[in-house]
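Here is the structure we will look at.
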Amino acid sequence: MIIEDLTVRFGAFTAVDRVTLEIPPGRIVGLVGESGSGKSSLARAVSGLVPYTGRIDGAHNVQMVFQDPYASLDPRMTVGDSVAEGVRGRRDRAGRRAEVDRLLGLVSLPADLAGRYPRELSGGQRQRVAVARALGAAPDLLVADEITSALDVSVQGAVLNLVRSLRDELGLSMLFISHNLAVVRYVSDVVAVMHQGRVVEAGPTGQVVGEPAHDYTRALLEAVPRLTGGLRE
Amino acid sequence: MRDLQKAGPARRVRSRGSGPRWAMRQAVRFAVSLAALLVASFAMIHLIPGDPVRASLGPAAPIELVQARTAALGLDRPIPEQFLTYVGNVLSGNFGTSFLSGEPVGEIVAGRLPNTLALALLATVVALLVAVPLGMGAAVRTENGRNRGTEYAFTTVTGTAVAVPEFLYSIALVTVFAIGLGAFPPAGKAGAASYVLPVLALAIGPIAMIARISRAETLRELGSDYVRLARAKRLPAARLYLRHVLPNTLTATLTLGGLLLSALIAGSVLVEYVFAWPGLGLKIVESITQKDYPVAQGVILVYGAIVLVVNLAVDLALAALDPTSKIREA
Amino acid sequence: MKPRLPRTPAAVAGAALVAAMVVLAVIGPPIWGATAERIDAAAILQGTSTAHPLGTDSLGRDLLARVLVAGRFSLALALAATLIGGLAGIVLGALPSVLPGRAARLITGAVNALVAFPGLLLAMFTAVVSGLGARGAVLGIGVAIAPGFARLTQTLAATVAGSDYVSAARMLGVSRRRVLTGHVLPNIAEPLILQLTQSLGGALLGLAGMSFLGLGVQPPSFDWGRLLFDGFARIYVTPEVALGPAAAIALAGIGFNLLGDAMAKAAARTAPAGKKRTAAVPPDPGEPDPGAVLEVRGLSVAFPGGATPVRELSLTIAPGEIVGLVGESGSGKSLTAAAIGGLVPYPGTVGYGRLLLGGRDVATLSGKELGTALAMVFQDPMASLNPALRVGGQLAEVAIVHQGAGRAEANRRAVDRLGHVHLPDPAATARQHPHELSGGMRQRAVIAMGLMATPRLIIADEPTTALDVTVQRQILRLLREVTEETGAAALFISHDIAVVGGLCDRVMVMYAGRVVEELPVARLAAEAAHPYTRALIASLPDMDTDRDRPLASIPGRQPAPSDVGPGCAFADRCALATARCAAERPPLISYGEAGRVACWEVK
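Taken in sequence, the protein lines are chains A, B and C. According to my numbering, the first sequence is numbered sequentially starting from 1. According to my numbering, the second sequence is numbered sequentially starting from 234. According to my numbering, the third sequence is numbered sequentially starting from 564.
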């Protein structure tokens, strides 16, 4: 799909400023930027949750997974019912049930979780449920907005693995948004860097990370915390 | 009193504005509300089922008298014309004439308003002065669930006190202190002593309510990081509570104070009734039961206008006090 | 799921009073109805007597019977008013989410204006318009209640409509009707029902007030308010005749309010705290380390109910050294910081074998000494500064309170320290309020606050978690700079092992309340020994991670400290675990150069 000249305004404030971005089929485009860069507004525009000007071509069915797994599932609905919301065209109970089981399986969750309520699940499990719910609609594009930033470190790795396996096994196209460049680098085929509402640099991951062209990209790269040294003399 | 609880937080959010746009919006809001109030008070007389003049004069009144009175009041004119006349009269300070005494309503209001205001203001001040320290003290003593006994006593006592209406407090106070002990005058307005019981009756409920809110607000502040930091700095307790916590609960307190004042101005009706206090409240009850509609109309209009003015004043005061507002710098 | 009423005496009393009112409403009229209407010319306007405990009215009717009979009418009127007000309010509150923008704004505006009006005023206006009597009073009280309901419905509906799960449902193509019935209604029903219960009490009092003023129920009908109206006229002669209706009104009001409070509490309840309290047993601390700024031996934090989130923690920090404490949420790292700073919230208790700051037991240090020797930095720079006070004043405070500095001298020093943390215009910053600064600037100001005196120990609890990465880097640099300059020791707490690795000299890894490994940061990447540390590092992608291989992930989740059995807390999630790991907890023993590890499988 192609995003062309996309602009999002909130009153006098321009959150996203004429962004053009291509998301090739079966690829993960990583969008990295700091708070206020407009990356979440872009995500919501692509998902149809905020009004925008410009064009979005080639994606009729966009689904989104949100940052906070504690807010994105209805507390009064079972996991199975939440996931079933996205299952289309299957009217009978048994068919829906089987589809829910299949979707939970896709995100490596046991089928017996369907009868539970979100509060009985860990953050990582909830995030998997949210992914399963989105997959139920068979989306052309999945938008993942900071889906690991509310999770504990030991769970993060598993969710990132899931994201990659969805691309590899289902051929899913994805817009993966994060403030963490190391995370974006790990999952994405293409990286776009957003700063003050604009995409300042975009290209294949190896190129953007290896030979950054824009000053801001370099500043971001510089700031990534590294296990080995950096700040000690 | 329950209105206070509901209106509190939402109003606080609303008042978090600043700048000329905000001031403009406030002005427009005020003007629109005032206009709506004028329409409502005008409509009141026309919404009364049947003929208000007939209802007021009674079924035995001769038809000529009813017609003459109706004509004198202009009630036989077309409605739009009546409305324009009404607005013109109100703007020039003419609120009509009492059916019963023939007195101008403006004079009745002017004579009685100060008595009502005095009662409401005193009760508001007393309530805030007692309730805020009470709530803060309770919060400090019961932070993080320590002293469960105190917490329990506080919530039960305030929960009970809030649930008893002011007219019962009034009757109880009259019975015990005026009729029983003879310590205070039971009715009327005569000297400082006559204020004690009505003010007390008006203030008890609000004290309980505001003490609860003040405790909740203080508890929230005590849990914040700046208080943790101040504790890490080992600031003396008095400084921590008075200089750090108190100013941050002020917004809520002020909002409440304003709401309370307007609630008490119009809410002193029952207390004035028990104490035969020569205020607006007593007058409105008399005028409604005696079907003296021009008086009821005038008093309701004045009450409404006072509420609007007080609310506007509170919003402006909050904007002026809030460090995040820009009005302060202007 | 279903919230249960707490069994406090207040809740029980409330429920009992309301139940009694309902019973009275059912049985009152059939039992005492005849007595209440029996006219007795021989017993007019009597006070208390054996025949008439509460006296009689102007027709000689027994007042006790009349009070008991009036319960049904009073409650019925209150119920009617609440239903009218609740229904009108809910419809009014729901309309803005259905109507087009302009009409929606108009209704919202009207509701906002009406909420600010005192209920009694609205009630009287309505009563005048609809005519004196029970019908007018019920309508009036209904009108008075409605704006509150409308506001509540609006707020609740807006919250639910703006939630992520409704956004998700809309993206999935779920119909408007399904969103309303499946998501919105179930999530707003409970608070609305609660509000209805609470309003019932308010309506009862309001109606009583109207009748008491003579604006409500008119004879020959009577409710409690009307009986009070009659009794009040005789209060100088026989005050006891007012007692019955007054008591009935008060008890009804109190009953509904206490019950409402209890229900609200049950709806918002968190797990109750237990009673059992376990004291932490401090182990033998051994010999003190003379070169250390901070020396902790056998630190434990315990809560009533047997939870011990921090267990037998020992650490030493030298001057100018930064020690990182890393762990996931629930590992006890933040409570460790709080315990060292003396800020563990009630009812937690801290036990230790030794807790020395600059060679002295912290328990013997005065507030002044601790307040100047200890600097703390917290996660949220928005919340760490007092929003009501100017930045400069908050800094100067330490110098004024603890060091006896004058206001001018303290302010001068505050500006100096703000400059020290590289704020571009320190004098201007000092005059500003916190909201005028960016997150990074605020965190600098907090650090400057710690530098007002001469800190011996800086405790930084996730100080950069809320900041952008570029700002994070600046703050980390500043922390490094400050510790080197002042020779203070620093304890840096973070969930991010990469940040800890980048900043600190030494790293301690916590898991389920205990330190499982400690080692110099130089050896962290290559030589970490504990399986948990290694898994943490492997599950976190960095700029050099191989993109073709899956990240390590740790199955399961960290147990709560109270759920840890006799063995190693990590055993359930560990690939190397043996039977011994589950049965016996490995001690923290020396391993490699300046390192310690608690694992049976590390040789």
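Note that beta-carbon positions come from the ideal geometry of N, C-alpha and C, so glycine has one too.
Separation of residue j from residue i, as counted between CA atoms
i              : j              : result
residue 881/C  : residue 938/C  : 16 Å
residue 190/B  : residue 256/B  : Residue 190/B lies beyond the stretch modelled for chain B, which goes from 234 to 563, so this question has no answer here.
residue 1058/C : residue 1030/C : 14 Å
residue 440/B  : residue 388/B  : 13 Å
residue 365/B  : residue 447/B  : 6 Å
residue 1/A    : residue 141/A  : 8 Å
residue 705/C  : residue 758/C  : 14 Å
residue 475/B  : residue 370/B  : 11 Å
residue 572/C  : residue 775/C  : 31 Å
residue 1069/C : residue 861/C  : 19 Å
residue 93/A   : residue 202/A  : 45 Å
residue 397/B  : residue 544/B  : 26 Å
residue 347/B  : residue 534/B  : 16 Å
residue 696/C  : residue 477/B  : 53 Å
residue 518/B  : residue 778/C  : 8 Å
Where residue i falls, given that 16 or more other Cβ within 10 Å makes a residue buried
i              : result
residue 722/C  : exposed
residue 665/C  : exposed
residue 1152/C : exposed
residue 216/A  : buried
residue 1125/C : exposed
residue 782/C  : exposed
residue 112/A  : exposed
residue 1022/C : buried
residue 1147/C : exposed
residue 589/C  : exposed
residue 237/A  : For residue 237/A there is no data in the structure shown, the boundaries of chain A being 1 and 233.
Where residue i meets chain F, residues with beta-carbon distance less than 7 Å
i             : result
residue 499/B : Note that chain F does not occur in the displayed structure, where the protein chains are A, B and C.
8 Å contact criterion, which residue i and residue j should meet: CB distance rounded
i             : j              : result
residue 200/A : residue 214/A  : 5 Å
residue 958/C : residue 1015/C : 6 Å
residue 341/B : residue 528/B  : 6 Å
residue 467/B : residue 828/C  : Their Cβ separation, rounded to whole angstroms, is 35 Å, which puts residue 467/B and residue 828/C out of contact at 8 Å.
residue 864/C : residue 898/C  : 5 Å
residue 186/A : residue 1104/C : 4 Å
Where residue i meets chain B, residues with beta-carbon distance less than 7 Å
i             : result
residue 820/C : 392, 395 and 396
residue 548/C : What is shown of chain C runs 564 to 1166, which leaves residue 548/C out entirely.
Neighbouring residues, chain A, relative to residue i (Cβ below 7 Å)
i             : result
residue 897/C : Per Cβ cutoff of 7 Å: no residues; residue 897/C is ~14 Å from chain A at best.
residue 978/C : Under the 7 Å cutoff, chain A gives no residues; its nearest Cβ is about 27 Å from residue 978/C.
Chain-ordered chain C contacts of residue i [CB-CB under 8 Å]
i             : result
residue 287/B : Correct list: empty, because the minimum Cβ distance to chain C is about 14 Å.
residue 153/A : 891, 1058, 1059, 1060, 1099, 1102 and 1103
residue 505/B : The premise fails here: residue 505/B is roughly 10 Å from chain C at the closest Cβ pair, so nothing lies under 8 Å.
residue 537/B : 680 and 684
residue 186/A : 1104, 1108, 1110 and 1114
Near the ligand FMN: residue i beta-carbon under 7 Å from a heavy atom
i             : result
residue 959/C : The model depicted lacks the ligand FMN and carries no ligand whatsoever.
Neighbouring residues, chain C, relative to residue i (Cβ below 7 Å)
i             : result
residue 85/A  : 732, 735 and 737
residue 166/A : The premise fails here: residue 166/A is roughly 13 Å from chain C at the closest Cβ pair, so nothing lies under 7 Å.
residue 400/B : 772 and 775
residue 228/A : 1064 and 1088
Contacts that residue i makes with chain B (C-beta to C-beta distance below 9 Å)
i             : result
residue 778/C : 518, 521 and 522
residue 931/C : 467
Chain C contact residues for residue i, given Cβ-Cβ distances below 9 Å
i             : result
residue 160/A : 1102, 1104, 1113, 1114 and 1116
residue 49/A  : 730, 733 and 734
Practice item. Report yes or no: do the stretch 1113–1123 of chain C and the stretch 1083–1103 of chain C share at least 3 C-beta pairs separated by less than 8 Å? Key: yes
Check your understanding: Is the stretch 672–690 of chain C touching the stretch 620–628 of chain C, taking contact as three or more C-beta pairs under 8 Å?
Key -> no
Review point. Do the stretch 111–120 of chain A and the stretch 66–82 of chain A meet, that is, are 3 or more Cβ pairs less than 8 Å apart?
Key: Enough Cβ pairs lie closer than 8 Å, so yes.
Review point. Quick check: the stretch 1145–1163 of chain C against the stretch 1081–1096 of chain C, are there 3 or more CB pairs under 8 Å?
Key: yes
Point to revise | Three-pair Cβ contact test at 8 Å for the stretch 728–741 of chain C versus the stretch 55–68 of chain A | key: Cβ pair count under 8 Å is three or more, so yes.
Review point. Should the stretch 492–508 of chain B be regarded as contacting the stretch 305–315 of chain B, the criterion being three or more beta carbon pairs within less than 8 Å?
Key: no
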